[in-house]
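Sequence order for the protein chains is H and P.
Take 1 as the starting number for the first sequence in the working numbering and just add one per residue.
Take 1001 as the starting number for the second sequence in the working numbering and just add one per residue.
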Amino acid sequence: MTLTEREQLAYISGQAADARVNLEVETEDGMVLNMGPQHPATHGTLRLVAKLDGEQVIKAEPIMGYMHRGYEKLAEVRTYPQVTTLINRIDWLGSFANEVPFILAAEQLMEVEAPPRAQWIRTILFELSRIANISLYLGDMAVQIGATTPVFFAFRDREHVLNQIERVTGGRFHPNFDRIGGLKDDLPKGWIEETKGAIKKLRTFCDEMDDLVAGNEIFQARTRGIGVIPADIAMSYGLSGANLRGSGVDWDLRRDQPCGLVYDKVDWKVWTHPDGDSYSRFWVRLQETREACNIVEQLLDNVPAGPVMAKVPRIIKVPAGEAYVATENPLGEMGYYIVSKGELYPFRVKIRSASFSNMSIAPWVLKGVFVPDIIAILGSLYFILGDIDR
Amino acid sequence: MTEIPEYLLKKAAEARAKREAAAGAGAPSSASGGTATSVAEPEEDLAETDEQAEEALAQLTEALGDMLLASHIEPGRGLWIRVDAARWVDAVTAVRDALDAFFFDWLSAIDWMPSPYGREHDTEQDETEAKDPEPMEWGYTGGETRFQLLCRLHSITRHMGVLIKADLADADPRCATLVNVFPGANWHEREAMEMFGIAFDGHPDVRNIYLPGEFEGHPLRKDYPLLARRMKPWPGIVDVELMPGEDT
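Rendered as structure tokens:
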């Protein structure tokens, strides 16, 4: 018997629906607590199945795949410029940052370098994405602990940054603005001054969060000493970004492996915290948002003149080779491993997303904690489902 | 790349000096015991990175012995090595210890067989009948088989990463698990397992991570058809019209 493609497709999607409903979790003893797939603390659709002994978690297992879109397969049938449309949707809160490592990897293979002005604007937009992403986290972490006010502040002030991103790129969440060899367009008139205004507001926001959340006794009681991850465990699980720096590892790709972005032209600091608990991860992210404001302000003063696009062919063929470029995205290390065979399409794209590795430590860190701490720990690890499922 | 104007460099230097002076005086604003390290001076240039890779490779050659099958250095872009798949765990452990590469970056696989379905940039739909695939061509460090494991480790002390490849048998790609060396390999191996059909011996949790449990096939293998391309025409065909006065 042969099936038509349409029947095959219907069968596969039917299978997918069935498997979700019938998935069974072993229950020898103890109670099983199911969280999600629709849960406010999951930033998308993550399901967490925890086996409990009283209030204590014996075993916790995240179940993903509800949002798996198969970008690695889809990227194999798209041309390089078309891939950026897909990868915008990986970490949807800081989309511009997703495009950059892919473009840099392609540029590395093509041996093209973006003009200085483009590099400068890229770095500014990269950091603005970071602010847009992490400022939401700062409020969101508080709402997961049970404080509702900070999240409204976060949504209010994130708007200033999103407006600035929208004025340059035309898109609030999915800019699709980065091109191989430069940028789609130049900055609009008066943008630099307006952005400076927005950054001032964001600084005030950071101070507010410092007082309101980090300085809050209840918040500290709920997060300090909760979900401690030692540095060596963090590294063996591939944790990156603020989660790694929150465990005291002084490592930041922006400083340690600069690649096509102009972080070495500004004066900034890498923040670490030795505790490795939920509070330290929050604290490092708060400092990072401030530091991002510093970086943006310094870069805005010094944007060099010149074109924003290098000379590249109209039809982009990337020479055969392999390249891995990773950048320090809002969520952590995001990298693309591109294998090219000199064609219009990449032969293989491996997407190394930060949340996938950051989340893989969840079974380890959730073992033995109490039920209310699950949310505090998951919240502080900070994941975006699109970044896990790709 | 054009030079950065003199006055900007001066300004940055002044700002840095000022900040360093300030940092010496005051503690971080939040009273929680965190620390900050100043950002080091600009990146090393191309030649230096190359030397670094050569040095690392020399160390690896010594540490791995006959487990090392091939290597490749792209100046300024990284180090690739290919190791014996039969001794995969030993090889990765040796790399970890030799380079102090305790950061587990990622693990994945690659299918080197060119897709047997059309996938030309000038056809709207993929061919439904599979053709005989073109001969395989391997990337850096070469290869012998269709499936290769890819694993990247990173050394935080050396500021460099190394990409490790291993050839797996065509018929029954399998390999020992890295979970006992890097616990983080667990999820990465589950992904490689479902996407490429690679078996990891000794893996503690053999389940699909993204796909439903009874899903048939391994989507990232090149002979797994992308059905969307057969069901409807693809609107994204590259079609560039010439600008006035352009020849090519």
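Heads up, the beta-carbon is just placed ideally off N, CA and C, and yes, glycines get one too.
Quick caveat: nothing in here was measured; it's all calculated off a predicted structure.
Extent of the continuous beta strand (DSSP E) to which residue i belongs
i	result
LEU187 of chain H	Segment: none, LEU187 of chain H is in no beta strand (DSSP E) and carries neither H nor E.
HIS1151 of chain P	Reading off the sequence, residue 1151 of chain P comes out as Cys, not His. Note, CYS1151 of chain P: beta strand (DSSP E), 1147-1155.
TRP1111 of chain P	The residue asked about is misnamed: residue 1111 of chain P is Asp in this sequence, not Trp. 1103-1111 is the extent of the beta strand (DSSP E) around ASP1111 of chain P.
PHE347 of chain H	Counting along the chain, PHE347 of chain H falls outside any beta strand (DSSP E), and DSSP gives it neither H nor E.
GLY1186 of chain P	Going by the sequence as given, residue 1186 of chain P is Asn instead of Gly. First-last for ASN1186 of chain P: 1185-1196, but that is the alpha helix (DSSP H), not the beta strand (DSSP E).
MET334 of chain H	332-340
LEU1226 of chain P	Neither: LEU1226 of chain P is in no beta strand (DSSP E) and is coded neither H nor E.
THR1141 of chain P	No beta strand (DSSP E) holds THR1141 of chain P; DSSP gives it neither H nor E.
GLU322 of chain H	321-329
Whether residue i touches residue j by CB criterion (7 Å)
i	j	result
ASP157 of chain H	PHE205 of chain H	yes
LYS201 of chain H	HIS174 of chain H	no
ALA323 of chain H	ILE338 of chain H	yes
VAL262 of chain H	PRO101 of chain H	no
ILE229 of chain H	ASP178 of chain H	no
LEU1099 of chain P	CYS1151 of chain P	no
ARG172 of chain H	TRP191 of chain H	no
LEU1079 of chain P	ALA1056 of chain P	yes
ARG203 of chain H	ALA242 of chain H	no
ASP277 of chain H	ARG224 of chain H	yes
ALA1053 of chain P	ILE1073 of chain P	yes
PRO1219 of chain P	LYS350 of chain H	no
THR45 of chain H	LEU385 of chain H	yes
ALA1070 of chain P	THR1141 of chain P	yes
THR1145 of chain P	ASP1167 of chain P	yes
SER474 of chain H	PHE1104 of chain P	With chain H represented from 1 up to 390, any question about residue 474 of chain H goes unanswered, as that position is not in the structure.
GLU127 of chain H	ALA292 of chain H	yes
GLY246 of chain H	SER280 of chain H	yes
ARG117 of chain H	PRO258 of chain H	no
GLY248 of chain H	PRO274 of chain H	yes
8 Å contact criterion, which residue i and residue j should meet: CB distance rounded
i	j	result
HIS68 of chain H	ASP389 of chain H	4 Å
GLY197 of chain H	ALA310 of chain H	The Cβ separation is near 31 Å, so there is no contact.
PHE282 of chain H	MET141 of chain H	6 Å
VAL448 of chain H	LYS367 of chain H	The question about residue 448 of chain H has no answer here: the residues shown for chain H are numbered 1 through 390.
ASN358 of chain H	GLY332 of chain H	6 Å
LEU1227 of chain P	GLY65 of chain H	About 18 Å separates the two Cβ atoms, so there is no contact after all.
LEU1060 of chain P	VAL1089 of chain P	The pair is not a contact, with the Cβ atoms about 16 Å apart (cut-off 8 Å).
PHE155 of chain H	GLY139 of chain H	7 Å
GLY1184 of chain P	SER360 of chain H	6 Å
Pick from the options that is closest to residue i, judged by C-alpha positions
i	options	result
ALA1085 of chain P	P:ILE1198, P:ARG1158, P:PRO1204	P:ILE1198
ARG130 of chain H	H:ASP140, H:GLU72, H:LEU162	H:LEU162
ASN294 of chain H	H:TYR137, H:LYS73, H:ILE124	H:ILE124
HIS1154 of chain P	H:SER240, H:GLU208, H:ASP207	H:SER240
ALA221 of chain H	H:PRO372, H:ASN34, H:MET31, H:GLU297	H:PRO372
GLU193 of chain H	H:GLY335, H:ILE58, H:LEU300, H:VAL369	H:LEU300
ARG255 of chain H	H:ASP267, H:LEU46, H:GLY248	H:ASP267
PRO346 of chain H	H:PRO62, H:LEU52, H:GLU107, H:THR45	H:GLU107
LYS341 of chain H	H:LYS59, H:GLU76, H:MET31, H:GLU72	H:GLU76
GLU60 of chain H	H:ALA147, H:ARG290, H:MET35	Checking the displayed sequence, the identity of residue 60 of chain H turns out to be Ala instead of Glu. That would be H:MET35, whose Cα lies nearest to the Cα of ALA60 of chain H.
TYR336 of chain H	H:ALA105, H:THR79, H:TYR80	H:ALA105
PRO363 of chain H	P:CYS1175, P:ALA1063, P:SER1115, P:ASN1186	P:ASN1186
ALA50 of chain H	H:ILE87, H:VAL112, H:ILE374, H:GLU297	H:ILE374
ARG1230 of chain P	P:TYR1117, P:THR1093, P:PRO1075	P:TYR1117
Buried or exposed (CB count within 10 angstroms, at least 16 for buried), residue i
i	result
ARG314 of chain H	exposed
ILE218 of chain H	exposed
PRO153 of chain H	Note on residue identity: the sequence assigns Phe, not Pro, to residue 153 of chain H. Classification of PHE153 of chain H: buried, given that the 10 Å Cβ count is 16 or more.
ASP1111 of chain P	buried
LYS1165 of chain P	buried
GLY306 of chain H	exposed
MET31 of chain H	exposed
VAL21 of chain H	Low per-residue confidence applies at VAL21 of chain H: pLDDT is 39, beneath 50, and the placement is therefore not dependable enough to give any value.
GLU1014 of chain P	exposed
PRO1135 of chain P	exposed
ARG1207 of chain P	exposed
THR149 of chain H	exposed
LEU23 of chain H	Only weak support exists for where LEU23 of chain H lies, its pLDDT of 37 falling under 50; the value from the coordinates is given anyway. Per the 10 Å Cβ criterion, exposed.
LEU136 of chain H	buried
PHE383 of chain H	buried
Endpoints, the alpha helix (DSSP H) within which residue i is located
i	result
PHE950 of chain P	There is simply no residue 950 of chain P to check, as chain P begins at 1001 and stops at 1248 in what is shown.
LYS73 of chain H	71-75
ARG222 of chain H	217-223
SER1071 of chain P	Element bounds for SER1071 of chain P: not the alpha helix (DSSP H) but the beta strand (DSSP E), 1068-1074.
TRP271 of chain H	TRP271 of chain H -> not in any alpha helix (DSSP H); beta strand (DSSP E) instead, spanning 269-272.
ILE87 of chain H	80-87
ILE295 of chain H	278-301
MET235 of chain H	231-236
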